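J.: One structure, pasted below without further comment.
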Amino acid sequence: GYFYHRLAQCRYSSKDLHGMEHIDSYVFNKAEYVRFNSTVGRFVGYTEHGLKNAEAWNSDAGILGQEQAELERFCKHNADIYYSAIRDKTVEPHVRLSSVTPPSGRHPAMLMCSAYDFYPKQIRVTWLRDGREVKSDVTSTEELANGDWYYQIHSHLEYTPKSGEKISCMVEHISLTEPMMYHW
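Residue numbers (the UniProt record's numbering): 1 to 184.
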């Protein structure tokens, strides 16, 4: 059998969509044979057949104009829609603080602070003992993708309990108006 497909791409790296380019690729049996790039403003052929198509299409102002117009009509229009639905979206983390079994080490106790189902990815989880930030004996994962646009992170504090002390996990995320404190 044979397989033909056409792939339209919109590439950009700045939030204001400056420098966006529209790329329209024509592919037959997994081999791209001709491509339009809005930055170049022309079709480029990669095979004998693609070179013939590029020559014909580049000599037709209507086809070139239609391809160039896709940058505004398709790319920029849809990027604005996606940005409003995705870029500006925030979801608060669900946080759980629990005691877990420590590995054999210097301390007899361990706490785990887990933040689940938050978006976007950037988050800060810190430990406090009696209001002061703890940096030693803390192990944290990176933000882990759930595979559904949401993330989770886990932070562990190994410690030796002291009578009357207050241990807290502080979570900072753009979805929160202020840092959230979770006390043990």
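All residues carry an ideal CB built from backbone N, CA and C; glycine is no exception.
Every value quoted in this text rests on a predicted model; they were computed, and no experiment measured them.
Sorted by chain position, which residues of the same chain lie with C-beta nearer than 7 angstroms to Trp149's C-beta, five sequence neighbours on each side aside?
T.: Mapped onto the sequence shown, residue 149 falls at position 149. So the qualifying residues of the chain are Tyr119.
J.: Under 8 angstroms, with one C-beta from each stretch per pair, do the stretch 123-133 and the stretch 144-162 reach the 3-pair mark?
T.: The count of Cβ pairs closer than 8 angstroms, one atom from the stretch 123-133 and one from the stretch 144-162, reaches three, so the stretches are in contact.
J.: Go to Asn78, then tell me how far its alpha helix (DSSP H) extends in each direction, as first and last residue.
T.: In the sequence shown, counting from the first residue as 1, residue 78 sits at position 78. Element bounds for Asn78: 77-82.
J.: With 16 as the cutoff for other CB atoms within 10 Å, does Leu111 come out buried or exposed?
T.: Residue mapping note: residue 111 aligns to position 111 of the sequence shown, counting from 1. Taking a 10 Å sphere around the C-beta of Leu111, we find 16 or more other C-beta atoms and assign the residue as buried.
J.: Among residues of its own chain, excluding the 5 on either side of His5, which ones have a beta-carbon nearer than 7 angstroms to its beta-carbon?
T.: Taking the sequence shown and counting its residues from 1, the one referred to as residue 5 is at position 5. Contacts found: Val27.
J.: Kindly indicate which three-state DSSP category Ile86 falls into: helix, strand or coil?
T.: By one-based count along the sequence shown, residue 86 stands at place 86. Residue state, collapsed to three classes: helix.
J.: How big is the Cα-Cα spacing for Ser104 and Arg35?
T.: Start at 1 with the first residue of the sequence shown, and residue 104 comes out as number 104. Start at 1 with the first residue of the sequence shown, and residue 35 comes out as number 35. Rounded to whole angstroms, Ser104 to Arg35 spans 60 angstroms at the Cα level.
J.: So if DSSP puts Leu97 in a beta bridge, which residue, or which two residues, is it bridged to?
T.: Counting from 1 along the sequence shown, the entry for residue 97 is found at position 97. DSSP links Leu97 through a beta bridge to Cys113.
J.: Since I believe Cys75 is in contact with Cys113 (beta carbons under 8 angstroms), could you give me their beta-carbon distance rounded to a whole number of angstroms?
T.: In the sequence shown, the residue the question calls residue 113 occupies position 113. In the sequence shown, the residue the question calls residue 75 occupies position 75. Contact doesn't hold; Cβ gap of about 42 angstroms is too wide.
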